[in-house]
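Working notes, beginning with the structure itself.
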Amino acid sequence: MVTRRFTILLTVLLCGLPAVATAQSAFQKAFQKAQAKQNDANATANEPADNVADNSESNPASNDVQTERPPFSAMVIQTTPTVGNAPAMMTDELVTVVQVKQSESLVVDESGRRRWVVNDTIEPIQQSIDRALATLEQNPQDATSLYRMAAILYKQGSYLQALQYSDKLLKHAPNHVHLYPNRSQIFTSLKRYDDAIQACTAGLNQNPKSSILYVNRGLAYLRQGKLDLALADCDQAIEIGDNIMAMNNRAVIFSQQNRLEKALEQYASALAIGEADFLFRGQGGVHEKLGNHQQAMKSFSDAIDANPGDVENHLARARFLFRRKQFSPALKDFKTAAALSPTDASVLTDVGVTLAAMGDTDEGLTLLDKAIAIAPDDALALANKAYLILKKGNADAALAIAEQAVQADPTLPLAHSNKATILGRLGRDTEAVDAYTAAIGQAPQNLGYRNDRGISYLRLEQLDRAQSDFEYCVDKAPNNAIYTTNLSRVFERTGDLAKAIELLTTAIGLNPKYDIAYYRRGILYLTTGDAQKATTDLQQAVGLDPNWPLAWFHLARAHTDNNDLKAAVQAYGRSLKLNDQNTACYVNRSFVHLRLGQYDLAKADAEKAIQLDPLDNDATYNLATALYYLDQCDQAALQYSVVIGAGVASTKIFNSRGDCYQELGRYEDAAADYSRSLAIQADSPGVLHARGYCLTRVGRGSDALADFDKSLSLDPKRLSTRLMRGHLHRGSGQYQRAADDYQKVLEQEPDSVPAMVNLAAVLAAAEDEKVRDGARAIEIAMRACEQTDHKSTLPLSVLALAFAQSGDYDKAIEAGTQALQLQSTTNQGVPPWLLPAIERFKQKQAWRLSATPLQ
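No gaps in the numbering here: position 167 of the sequence shown is 171 in the numbering used here, and each next residue is one more.
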């Protein structure tokens, strides 16, 4: 069975007159929206959609029409005036029954008119089929039954079977009033547009005043892209009489010409004549193009209210909701459509695609397989299945199915487009360009395919061709922010970021609700170092699309660059709620937690990232850093070694592992890592300091002194290094040099207690008499005691040395005894020389520092 296509043909079977709401498959274009954020190709601005009202009806059927519950399709079997003053319903007209009472029913014809009719004048479609088939068994040439079968089968999407009955009708009743409208309808649905035009022309030769045939021929011209001829036929139909189907198709032509306001005017004029569901649908499509999403939602809902029994109305709103990423209400509408048309492969495909978009790819594939079982050559179902197989990661299998779709219908642009997408995923961008070119050949007015080809050219670094495609799109649709945005990417690639930002600013001016333009401009601002502007743009992006995880991710980056770390943590959290499989998000958030000193949280995020990607070196590095700050240096060193073993050789990684080894007392290993770091960057004063310290701990004083000297030559203001060098000089007996280093520290930091204590100790107890100065030692040691409120043992111990050097042994003993008392009450340590020094003081002797030559 050939099922109804996604390119919807809205039909009036009484007249055989098709009309269209869109010129191409809007739903299929939206099918690839899940990838649009990645390639910026087919995205729309996002804002919250209206709540979807429940339009279902539950009125019980009457005893007169008892076979089905409304809404259901029926056929008029007897010409009779309708209830009230409405025009009469003609025999063989197909209607939708939306409400049933005891003796009358509310029906909607396919021109959108709602009328009450006597129940005895209508019957459900299946009864009409049974009646027609029974008649044809008795009389195979019965024109009424042949037409009824052709019309009903067309309505059910069985176009080839419908054509068989139409051929018989042509043979036996060539002058039947509905013959040529019906045949042109069928040919158009089969994409046999020349045959449709010939059928309409033949009918017009018999009846030059048939507005129906003008509209049908205009539709065939429209499908061929001959818009001028299509518009001329629509005008002829309207001149004959106010035909809302012709007005609808005029609006479609205006929409294709990007004359959207003109299209809305045409829909308004048509709706003033009759509130047909297909008019509301078309109006909704134009509102959506203009970004008027609330108005679009209302129009699609009005279509359902006008005719709840027409599957196309539920499909239209469902597809709109799908494009708005309102998947749950979309699925509800799709399921309603499936209940109305349970054997329609296209509806099953819609439901499958929606389930896949909601994350249930397996169930989506199951429904697509059911659709393909109903219609094995359904190119749309095959193309969609290929795309879902690609989502599951099997690109080779997806490509084979896409090839089937192309073979099933080489004229289906989406089959070529999805094939191109798969080829791009396989890295076969040259072939992808060819497939997009084939799609463009089938739909030359579809700028989306040309835009996608431009993106393939971008990946091939064929920037001139990419620019040509994007500029073509911009020229044809200068108000389209998407194409201007993608053109900016060419300039981004060439390094002209100012031009790229200018184009993105233009795109935002065209559509202030276009989230991707804000997103891309925000990233460019991040690249140029303007984190504040980046933050503003990315906040706009997530405001327009709060469900965009990547936008939250980059907003968090901008917050981090702005040093707004708490906001960064929150933004990363929002991103992870939307996509908890983003390794980079966990890695970056662990980094922010490290900066905030939240080491347990940093550890947890890094471990989650490693769980997702065991080979992520950044995650392992952050885990090691968190372990280091959690005083688990042995485990931290192990994780740093994992990163180094993966081939990462950087100053950062060697320094970090060196710090762990230093904390563990593995000074030789630490010095070795610092040496590896210095081999990469030799002029790092901090690393020289660290290595010098470790060398002092393993008795390599001469090498340590060389490191301290070089560190201070690079950064004379490194006080910690100058202190360390002073200690080294003091320990080796270079007392004057030690005193000079301590003095320079005090000149830069007058309140440095370590510098005071060490300088006072040298002045009080140096073996070199020329260096000793008891009075100054007392002064400096007293200052150190005052800085520590006389509650620190070391300044008091040095003060004892200073008093002894000045000959005041009683005060020396008092100061030393006070230090020992503090030790017993505060658990502070005292220098190992203090007790023997006090014994010396009791013998009226000063204490002298001992020296060891450098090794």
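Note that the Cβ used here is the ideal one computed from N, Cα and C, for glycine as well. Being a predicted model, the structure only gives us computed values, none of them experimental.
Check your understanding: Any idea which residues DSSP pairs E127 with across the strands?
Key -> In the sequence shown, the residue the question calls residue 127 occupies position 123. According to DSSP, which records beta bridges pairwise, E127 is partnered with M79.
Check your understanding: Is R196 helix, strand or coil by DSSP?
Key -> If you number the sequence shown from 1, residue 196 lands on position 192. Correct three-state label for R196: coil.
**Study point:** Where L98 falls: helix, strand or coil (DSSP)
**Key:** Here residue 98 refers to the residue found at position 94 when the sequence shown is read from its first residue. The answer is strand: DSSP assigns L98 an E or B state.
Review point. According to DSSP, is I842 helix, strand or coil?
Key: Numbered from its first residue, the sequence shown carries residue 842 at position 838. Helix at I842.
Exercise for review: Excluding the 5 residues preceding and the 5 following Y739 in the sequence, name in chain order all residues of the same chain whose CB lies nearer than 6 angstroms to its CB.
Suggested key: For this step, residue 739 is matched to residue 735 along the sequence shown. Cβ within range, chain order: V766, A770, D772 and V775.
**Study point:** Per-residue burial, K846 [other beta carbons within 10 Å of its own, 16 or more giving buried]
**Key:** Locating residue 846 in the sequence shown gives position 842, where the first residue counts as 1. Exposed.
Exercise for review: Take every Cβ of the segment 159-168, pair it with every Cβ of the segment 142-150, and state whether three or more of those distances are shorter than 8 angstroms.
Suggested key: No, the segment 159-168 does not touch the segment 142-150.
Check your understanding: Nearest to G161 by alpha carbon, out of G533, A630, A588 and T192?
Key -> Counted from its first residue, the sequence shown places residue 161 at position 157. Per the Cα distances, T192.
**Study point:** Stretch pair the segment 132-139 + the segment 331-346: three plus CB contacts closer than 8 angstroms
**Key:** no
**Study point:** C-beta contact flag for N252 and A224 at 8 angstroms
**Key:** Looking up residue 252 in the sequence shown gives position 248. Looking up residue 224 in the sequence shown gives position 220. No, they are not a contact pair.
Point to revise | Buried/exposed call for L756, threshold 16 Cβ in 10 Å | key: As a first step, residue 756 is located in the sequence shown; it is residue number 752 there, counting from the start. Reading off the sequence, residue 756 comes out as Ser, not Leu. Looking at its Cβ environment, which holds 16 or more other Cβ atoms inside 10 Å, S756 is buried.
Review point. Hey, would you say A623 sits closer than 8 angstroms to A610, going by beta carbons?
Key: Counted from its first residue, the sequence shown places residue 623 at position 619. Counted from its first residue, the sequence shown places residue 610 at position 606. Their beta carbons are under 8 angstroms apart, which means A623 touches A610 by this criterion.
Check your understanding: N621 and A640 look like a contact to me (Cβ under 8 angstroms); what is the Cβ gap, rounded to whole Å?
Key -> To locate residue 621, count along the sequence shown from 1; it is residue 617. To locate residue 640, count along the sequence shown from 1; it is residue 636. At roughly 15 angstroms, the Cβ-Cβ gap does not stay under 8 angstroms, so N621 and A640 are not in contact.
Point to revise | For S109, the first and last residue of its enclosing beta strand (DSSP E) | key: On the sequence shown, residue 109 is found 105 positions in, with the first residue counted as 1. First-last of the beta strand (DSSP E) with S109: E108 to D113.
Check your understanding: When you compare each of V749, R695, A694 and R741 to K721 by their alpha carbons, which one comes out closest?
Key -> Taking the first residue of the sequence shown as position 1, residue 721 is located at position 717. For K721, the nearest C-alpha among the options comes from V749.
Check your understanding: In chain order, which alpha helix (DSSP H) runs of at least 4 residues are fully inside the segment 711-774?
Key -> Given a length threshold of 4 residues, each whole run of the alpha helix (DSSP H) inside the segment 711-774 is given here in chain order: 723-735, 739-752 and 757-769.
Point to revise | For Q103: DSSP bridge partner residues | key: Residue 103 sits at position 99 when you count from the first residue of the sequence shown. Q103 pairs with L110.
Practice item. Have a look at S303 and G288 and give me their C-alpha separation to the nearest angstrom. Key: Counting from 1 along the sequence shown, the entry for residue 303 is found at position 299. Counting from 1 along the sequence shown, the entry for residue 288 is found at position 284. Those two C-alpha atoms are separated by around 5 angstroms.
**Study point:** Alpha-carbon to alpha-carbon, Q260 and Q446
**Key:** The count along the sequence shown starts at 1 and reaches residue 446 at position 442. The count along the sequence shown starts at 1 and reaches residue 260 at position 256. Separation of Q446 and Q260 (C-alpha to C-alpha, rounded to the nearest whole angstrom) is 16 angstroms.
Exercise for review: Give me the Cα-Cα distance between N455 and T441, rounded to the nearest whole angstrom.
Suggested key: Taking the first residue of the sequence shown as 1, we reach residue 455 at position 451. Taking the first residue of the sequence shown as 1, we reach residue 441 at position 437. For N455 and T441, the distance between alpha carbons rounds to 11 angstroms.
Exercise for review: Quick one: using the 10 Å Cβ neighbour count with 16 as the cut-off for buried, is D638 buried or exposed?
Suggested key: In the sequence shown, counting from the first residue as 1, residue 638 sits at position 634. Burial call: exposed.
Exercise for review: Could you confirm whether any beta carbon from chain D is found closer than 8 angstroms to the beta carbon of D171?
Suggested key: No chain D is present in this structure, which holds just one protein chain.
Point to revise | For V646, the three-state DSSP class (helix, strand or coil) | key: Translated into positions along the sequence shown, residue 646 becomes position 642. Reduced to three states, the DSSP call for V646 is helix.
Practice item. Please list, in chain order, all residues of the same chain as G458 whose beta carbon is under 7 angstroms from its beta carbon, the five residues on each side excluded. Key: Locating residue 458 in the sequence shown gives position 454, counting from the first residue. Once the five neighbours on either side are set aside, the close Cβ partners of G458 are A470, D473, F474 and N490.
Practice item. From the DSSP output, in three-state form, read off W120 for me. Key: Numbered from 1 along the sequence shown, position 116 holds the residue referred to as residue 120. Note: W120 maps to strand in three-state DSSP.
Check your understanding: So, do the segment 680-692 and the segment 701-708 have three or more beta carbon pairs nearer to each other than 8 angstroms?
Key -> no
Practice item. Confirm, please, whether the CB-CB distance from V122 to S132 is below 8 angstroms. Key: Indexing the sequence shown from 1 puts residue 132 at position 128. Indexing the sequence shown from 1 puts residue 122 at position 118. The answer is no: Cβ separation not under 8 angstroms.
Check your understanding: Out of curiosity, what's the CA-to-CA distance linking F557 and A322?
Key -> Along the sequence shown, one-based indexing puts residue 557 at 553. Along the sequence shown, one-based indexing puts residue 322 at 318. Here the C-alpha atom of F557 lies approximately 30 angstroms from the C-alpha atom of A322.
Practice item. Could you name the residues of the same chain whose beta carbon sits closer than 6 angstroms to that of H318, not counting the 5 residues immediately before and after it, in chain order? Key: For the purposes of this step, residue 318 is taken as the residue at position 314 of the sequence shown. If we look at H318 and ignore the five residues flanking it on each side, its Cβ neighbours are D337, T340 and A341.
Exercise for review: Taking 8 angstroms as the cut-off, decide whether the C-beta atoms of L723 and Q752 are in contact.
Suggested key: One-based indexing of the sequence shown puts residue 723 at position 719. One-based indexing of the sequence shown puts residue 752 at position 748. Cβ distance < 8 angstroms, so L723 and Q752 count as in contact.
Review point. Between A808 and W837, what straight-line distance do the alpha-carbon atoms span, to the nearest angstrom?
Key: For the purposes of this step, residue 808 is taken as the residue at position 804 of the sequence shown. For the purposes of this step, residue 837 is taken as the residue at position 833 of the sequence shown. About 14 angstroms.
Exercise for review: Tell me whether Q666 sits in a helix, a strand or coil according to DSSP, three-state version.
Suggested key: Residue mapping note: residue 666 aligns to position 662 of the sequence shown, counting from 1. Looking at Q666 - three-state DSSP - the assignment turns out to be helix.
Check your understanding: Taking DSSP as the reference, what is the three-state secondary structure of N59?
Key -> Along the sequence shown, one-based indexing puts residue 59 at 55. Caution is warranted here: a pLDDT of 29 is assigned to N59, below 50, making its placement in the model unreliable, and no coordinate value can be reported.
Check your understanding: For N67, which residues from the same chain have a beta carbon less than 6 angstroms from its beta carbon, with the 5 sequence-adjacent residues on both sides left out?
Key -> Indexing the sequence shown from 1 puts residue 67 at position 63. In this prediction, N67 scores a pLDDT of 32, lower than 50, which makes its location untrustworthy; no coordinate-derived value is stated.
**Study point:** Closest by C-alpha distance to F282, when choosing among N179, A250 and A203
**Key:** Within the sequence shown, the letter at position 278 stands for residue 282. Comparing Cα-Cα distances from F282 to each of N179, A250 and A203, the minimum goes to A250.
Exercise for review: Go ahead and pull the three-state DSSP assignment for L559.
Suggested key: The residue you call residue 559 lines up with position 555 of the sequence shown. Annotated three-state conformation of L559 is helix, per DSSP.
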